Structure formats: C-alpha cells, structure tokens
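Right, one structure below, let's go through it.
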Amino acid sequence: MKVCPEGLYVEPGGFYVDPVRPVERAVITHGHSDHARPGHANVLATSGTLAIMRQRLGEGAGGAQQALEYGEAIRIGDVTVRLAPAGHVLGSAQVVLEYNGSRVVVSGDYKRTFDRTCAPFEPVPCDVFITEATFGLPVFRHPPDLGEVRKLIHSLEIFPERSHVVGVYALGKCQRLITLLRAAGYDRPIYLHGALEPICKLYEGFGIALGELRPATVAVKEELKGALVMAPPGAVADRWARRLTDPVVAMASGWMRVRQRARQRGVELPLVISDHADWDELTQTLEDVGAPEVWVTHGREEALVHHATQRGIRARALALVGFEEEGA
Amino acid sequence: MNRFATLIDALVFMPSRNGKIRLLADFFSTTPDPDRGWALAALTEALTFNEAKPAAIRQLVAARVDPELFALSYDYVGDLAETVALIWPERHDRANSLPPSLPEVVDTLRAAKRAQVMDLVEGWLDTLDSSGRFALLKLITGSLRVGVSARLAKTALAEWGKVDVGELEECWHGLTPPYLDLFAWLEGRSERPAAGHGAGFRPLMLSHPLEEEDRAGLNPADYSAEWKWDGIRVQLVAKGGERRVYSRTGDDVSGAFPDIVDHMSFDAVLDGELLVARGEGEVASFNDLQQRLNRKAVTAKMLQEFPAWVRLYDILFDGDEDLRGLTFLERRARLERWYGAVQPRRMDLSPLVPFAGWAELEALRENARENSIEGLMLKRRDSAYTAGRPKGPWFKWKRGALTLDTVLMYAQRGHGKRSSYYSDFTFGVWRGDELVPVGKAYFGFTDAELVELDRWVRNRTVRKYGPVREVEPGLVLEVAFDSVHPSNRHKSGLAMRFPRVHRIRWDKPAGEADRLETLQRMVVA
Ligand SMILES: [Zn+2]
Ligand SMILES: [Zn+2]
C-alpha cells in the first residue's frame, strides 16, 4: 500500500481508494465530492454510493460500476476487499483489505452517533487503521444531536415571524437534520433550496421518510415567514438568503462548536451537528479496532498522532509522509 | 448558571441590537429573582470580586489535559476561556452533583479570599456543561464582552417593563444588585425606586480617539479644548457624609488616597484626573503616580514623597442637583462657580485651552512636549454628560506619533476574533544587510487589510515554527509608535512604546526600509 499523487494506492490489487485524479480502478468510500471524483474507468462502491454518484456526476460516475454490499467480499488481484458501514452518510463504507494474512482498514469519513439515514459504523479489528481526523482536537466534542435540534425549535418559538434558514450540506447533513426534526416532533413542512431536493428524493427512494418537503421559491415568500428553510452553506451567506424576511441564520456543522468560527460565518444560531467523528469517537475507535499502526489521512492530524503515540500506537500523518512509498 | 450561560451564548451570536433586546427581555421575564438581577449586574459590569488571572486558569487545565493537546487546541480556538470550556474533561459522575446557580457563584466569589478562588472554580467546572464553563470563565476573568452596554440593558429593561428609559435612568444610580426593587417596579408590583442620592459610582462619559477622517465633519467652533493629562481618571463622590474616590471602571480606590479623601468636605460628584505633584504645582511622571496605585496601605513617607491631587474638569452633581443634563459649557460654568465657592484643597481646575481653528489646535498639540500632557481633549460645547462612549461629543487627540518604515519578518495567528488570521506581526529594520526585529504590532489595519496581510503571509512563508511563520523580507510596514527607549530585552537594544501599523507600503521595496541607526536617533535621552 502506498501514497501516490492520485491518492491511496493498493499495489497488490492495482486499485486506488478515493483517488483525487481519474484512475483505471477506484474503490469509493462515499458520495461526498472530495472522495467520489469523476472520470474513473472502473468504480467499486456500495449501491447507495453508486446511486449518489450517478445523480451528482452523471456520465462522470465511472465507466463500469460494480456494487458491493456491506459484508460481501470480492477479490481484486491478490487482495480481498470488503465494505463495512461507516455511519457517515447513506451508502458510506470503510474499505477492509486483506492481503497475505494482514488486514488494513481505510475508514473514509465516519461517525459513531446514531443516524436514522445510514447503517451504523462497525469497528473492524485490524493491523493498520487508516483514519480521518476532521475533528481531531479535544475541543471537538459533539453534544447530543436532539438537544441541538431542540435549540432550533425553541428559536422558532421565540422569533415566530422570522424565517430560519439552516445551512446544511446537501448530502447527508440535510437528510439527517430532517429526520432529527421529525423525531423531535416538528411536523410542519420544511422548505428546501433547489440544490437539496434531488438528494432528498434519492434518500426517500432508499426508504428514508422525510415528511412534507416544499421548494423554497420566491412564490412562497409569505409562507416562508416563521418557516424552516434549508439551503447549502454557500447559499445561506449569499444573495439567495436575502430574499427571506429578516432570517435567523443557522448552520449545522461540527465547526459550530467553536464560537469564533461560527461568528466569522455570521451565524446567529450555531447547531453542533456533525457527520464526522468527534475527538472522543476518534480515540474510542482507535481502542476498538486495536490496530498497532495508525495512519491519519486528513483533518487535524497532529493531535491525533500525538494521542496515539502516547498510547503506544505507531502513528503517522500521511500529509507529512508526503508521497513516499510506504509498505503495508 | 445554566440559564445565564444560555443567555450569554445567544448574545454572543446575536448580531442585531433589537435581537439582543428581545433575548434580554425573554430572559428577564422567564428567570426568577435574584438570578436575573445578578445576571444584569454581570452584563453591565456592576460586579466586583477577586478576579481570576489567566495564568491560574492555565494551571488548572494543565492538571487535567495533556499539555501538547492543550497547546494545539488553544492555537486553533484562539481564546483561553473558550479553549478551557471546550476541552475540560467531563466527569461521568457529574449527573449526581447539581451545577451551581448564578447567585451561588456570585455570593461565594464575593466572600472568597483570592487564594480560594481557583479551588472554587475547579469544583464548578466539574459540574457545568461547556456553555456553563464558558460563562463561568468569562465571568471570573471579568471579560464577558457580549455586546451589552449598560445603555442596551436599560433599554431592554424599559421595553420589557413598558416604562420610559429616562425614568429608569433617573433611579438607576441608586440601585444595587440584585435589583429586587427594580424588577418589582417593572413588574408593576411596587412604586418606582427612589432616585439615587447615595455615594455610588456614576458611569463615566468616555471619549473616542480623533481620527483624520472625523475632522472633516467637525466644526472646531462647536468644541472646547482641554489638555489630556497623563494621570488616572477618577470620580470624586461626596454624598451624605460618605466620601469615595472611584477609578475609571468604578473601583473604589479611596483607601489608597487618604490625602484626597481628607479634603472632600463638600457635597458633590466631580470628574477629574488624579496626578502626583512634584514641587510647586508641577506634575510628576506617571511612574511616580504608579507608586501610589495598587497599594493597600499608604505610608506617611509615600504621602509626603508622592502627594496626590485632582485636576477637575467636570461636575455631575452639585448637592442633590443632577447637572448631567446640562451642556458642557453650562457644566463648566457651574464647576468654576462651585470651585470658587468651595475652594477645596488638593484640587485645581483643568484650564480650557483657547484656539482659533484646526491649524492652531494642531500646533498646540505638537508643541506640548511636557511629560504630563498626552495631547488634547475636545468636548462638544452643547453636549450633555452621557454615560458610556457616545460617538461625537468627546474626542481625545493624542500627541503625534513617530513613524518608521520596517520590514515584516514573522507573523503569528491572532487570538479571539482573529484566530484564523495571521494578525500579530514582528517587524525589523536593517543593520548592515541583515534585518533585526525591533517590535511587534497587533493593530492599526482594517479588517480588509488584515485579509490581504494574511494572504500575503501565507503565500510568502519560508519557514514555520509552531504557530509562527517566517516570511520572506518583501513587505514594508510603516509603523507608528509613541516613543522608543533603550532595552536589553531586545536584540536590537531598543523597545518601542505602543507600536501599531500606520500604513502598509505595498509599493515600497524592502531594501528601502529604515535602518537601525534611524531608530537609535529617535531615543529620548
Ligand atoms: Zn464525507
Ligand atoms: Zn472527507
């Protein structure tokens, strides 16, 4: 296994995991655009991830697509490949690789909190664990998500004449937040920016109930007073949101844990809801998989490497290793 | 503490004034006494207790968290209280102990000795959630800063209680936390509390620095000028037999200045500058004044060596008569009349400085090189005495600064609002063909300039040391400073007082920046 300019390369199998440039053969962990890029000749992923890629990338979703469901095994070259649920978004998977009696797990993005919209993370014991570290600092501890959703509902009560526009990522965060709101008893229609509708439809197609959704168009300006509107983070700060009357700007993201970050983005109502593991989940997962060696792919690598090293785990940040050859 | 913490959180994020007023009104109507009163006192900075020093908080967290992880986190978050609030390890047995209420925290802190404070804080941190920890740490370091001025709080109270804000102002000075009588009145359960006649502190009127762009919009004929003295702003309150000397922040410093208190045998509230005398009516240096400050007990020797007196420039109350609604000129006439009649010892009047226009004023300011004068004060003649820092009526115009063209050498991420920007700049000047650092500046640039500086730093980094980046010598910063002194703590042998970025010289080649010799010549002997 080695790190190339294209991304993580599994040499004995001749394929890449989440490559950043078009390659002959790719295994994709999940549908977010930094992991699922267009233009690969052969793509292997869960059927959920493949459906998302087809919707977002169209032609670019890959020449030949092969679905591999959680738990199924397949042999590519000398490597046995299996996908395990990562609990990140619909279809998200960890890539479990077995070669010559040793096992490497590439986590992709993951979280450990319960999420109605995807299968829960499954810790897979392994020899090398390749983990993300988006929230790899001990200041990141995501509070219980229902509490955050109640904050949003409370604000709708204090400011009943103001639209509440919530910035959410189109894939995953949007649908999870809707299911959380429904679980907290919010049953009014939820208004969606156009960019969010297709993925919501796709989720519903996979059997995830989202309740009544309506398009947030100018035509319904009056209706939007006091209503809950969701939009991609970019649109919230943009002219799009200005058509709403005196909106309360909310954002659902793990970054909202740090007040100054939230204020810089002009957020009035920060909601700490994340689809990534927080510090406690990252460190707990290192315990659970019991790998003597850990590589950190992206995020705040330094602190997690330090923590792992303190616990006697051989740890390295891939970004620092650069693009040198690494045996696995 | 939980409700207070929730309020603080909401206020931190609320950008609009009206939104803040709504949040406060919601809080006052749903929070019982005395919690809401103590919260009001905390927000308006009317609480005094032994504050905790940042170093003590760092020590607490060092015992709980790996120092490396803490350092990485602090660098990322940028604010000490917030870092500690977020990183503090939660105890799983916490469910068994109740978090403290705000009144409990305030009462305990007010009674606590300085040495006990950190033990108390540690216990509370263990029982609070992260919002509660943040509010507590901000409270005990005396830096809530959630954008609620006393004026805003009063407006919120008035709107909520459906009374006129002027009526509320009227009785405000007689009130003390937790303001039970105030809330009783606002809820219609009792009459309005009596107007204040006590010896409490009256909030001061503060000034804005006069910027070049302000001057264009001002008519000098609307203003009176006074010297700005390099002393300590004080408020003298002599009421109903009680005598108090308050500092600018409302701290009672009477104990340190018995030589002033002894001569306050009148009934008035006065605003002035506390100075130390040397010889006949001459003002001693600020250093001499500092000898008198921060002392619990004053010795007879100190009283003799560093005698204090107050240079008066305003009168707020003459007897029970509130003069704050009068114009500056009317108050000035009252002050002069009062002074002539009472003739208090250890006090004199700060003279008005006559001038004809901007040119003359500028010359006066530049030529005033006495130690005791920092510059000029401009006070609008028709302005009332308004608590806080209203923009327009009072300006301070400090004496001109020295400037030097320097080269940016290192940049470090800022703190607080600027934690994601490289905003702390170390700059140097040429000695031969090497650069020697001569100072550090954190401000003097606009937010837009900061974005450009930050981008420049990121693109021109040659090396990183933790949070510090060394940049290539390619950007000239024109730095302004008040003075420069010899110093053996700096490699250059010189230290600047109050350096700030005056202009960013994107146009100027680094080779043309100033040399160390130029700075050496600016040293005042
Ligand atoms: Zn992702
Ligand atoms: Zn990712």
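Chains A and B are the protein sequences, given in the same order. Quick note on numbering: the UniProt record's numbering labels position 146 of the first sequence as 146, and the sequence is numbered without any gaps. Quick note on numbering: the UniProt record's numbering labels position 373 of the second sequence as 373, and the sequence is numbered without any gaps. Note that the Cβ used here is the ideal one computed from N, Cα and C, for glycine as well. The structure presented is a predicted model; accordingly, all values stated were derived computationally and were not measured.
query                                                                                                                   : result
Rounded C-alpha distance that separates arginine 458(B) from serine 419(B)                                              : 14 Å
CB contact check: glutamate 302(A) to chain B, cutoff 7 Å                                                               : yes
Aspartate 75(B) beta carbon near ligand 2 (any heavy atom closer than 6 Å)                                              : no
Cβ distance (whole Å) where aspartate 33(B) is taken to contact phenylalanine 183(B) below 8 Å                          : 6 Å
Cβ contact (3+ pairs, closer than 8 Å) linking the stretch 108-122 of chain B and the stretch 494-513 of chain B        : no
Three-state class that DSSP yields for lysine 74(B) in the structure shown                                              : Sequence inspection shows tyrosine at residue 74(B); the lysine mentioned does not correspond to that position. Three-state DSSP puts tyrosine 74(B) in a helix.
Rounded Cβ spacing between phenylalanine 266(B) and proline 344(B) (contact assumed at less than 8 Å)                   : 6 Å
Outcome for histidine 193(A) when other beta-carbon atoms lying within 10 angstroms are tallied against a minimum of 16 : buried
C-alpha distance - methionine 230(A) paired with asparagine 219(B), whole-angstrom precision                            : 51 Å
Beta-carbon proximity of alanine 150(B) to threonine 44(B), cut-off 7 Å                                                 : yes
Closest by C-alpha distance to isoleucine 87(B), when choosing among Asp107(B), Val106(B), Arg58(B), Leu98(B)           : Arg58(B)
Collapsed DSSP secondary structure at alanine 252(A) in the structure displayed                                         : strand
CB contact check: residue 363(A) to chain B, cutoff 7 Å                                                                 : Any question about residue 363(A) goes unanswered here, given that chain A covers just 1 to 328.
As assigned by DSSP and simplified to three states, the class of tyrosine 246(B)                                        : strand
Cβ neighbours of glutamate 287(A) in the same chain (closer than 7 Å, five flanking residues each side left out)        : none
Collapsed DSSP secondary structure at methionine 230(A) in the structure displayed                                      : strand
Whole-number beta carbon distance between valine 165(A) and valine 236(A), since they are thought to touch under 8 Å    : 6 Å
Closer than 6 Å: aspartate 18(A) CB and nearest ligand 1 heavy atom                                                     : no
Contacts of valine 89(A) in chain B (Cβ-Cβ under 9 Å)                                                                   : Ordered by position in chain B, no residue passes the 9 Å Cβ test against valine 89(A), which lies about 26 Å from the chain.
Below-7 Å beta-carbon distance, glutamate 268(A) vs any chain B residue                                                 : yes
Sequence-ordered residues whose beta carbon comes within less than 5 Å of a heavy atom of ligand 1                      : His32(A), Asp109(A)
Rounded C-alpha distance that separates glycine 234(A) from glycine 167(A)                                              : 8 Å
Close Cβ partners of methionine 496(B) (< 6 Å) along its chain, the five nearest in sequence each way excluded          : Gly439, Phe481, Val484
Supposed close pair aspartate 187(A), isoleucine 273(A) - CB separation, criterion 8 Å                                  : About 20 Å; that fails the 8 Å criterion.
Min CB distance valine 220(A) to chain B below 7 Å                                                                      : no
DSSP state of isoleucine 8(B) mapped onto helix, strand, coil                                                           : helix
Residue-chain proximity (glutamate 191(B), chain A), Cβ-Cβ < 7 Å                                                        : no
Proximity test, Cβ basis, 7 Å: proline 138(A) and chain B                                                               : yes
Any chain A beta carbon closer than 7 Å to serine 419(B)                                                                : yes
Alpha helix (DSSP H) runs contained entirely in the stretch 191-245 of chain B, provided each spans 4 or more residues  : 212-216
Neighbour-count burial assignment, threonine 46(A), 16 or more Cβ in a 10 Å radius                                      : buried
Any C-beta of chain B under 7 Å from that of histidine 35(A)                                                            : no
Nearest-angstrom Cβ-Cβ length linking tyrosine 110(A) and glycine 87(A), presumed shorter than 8 Å                      : 6 Å
Counted within 10 angstroms of its Cβ, other Cβ atoms place valine 479(B) as buried (16 or more) or exposed             : buried
contact_flag[the stretch 131-138 of chain B, the stretch 67-83 of chain B] where n(CB pairs < 8 Å) is 3 or more         : yes
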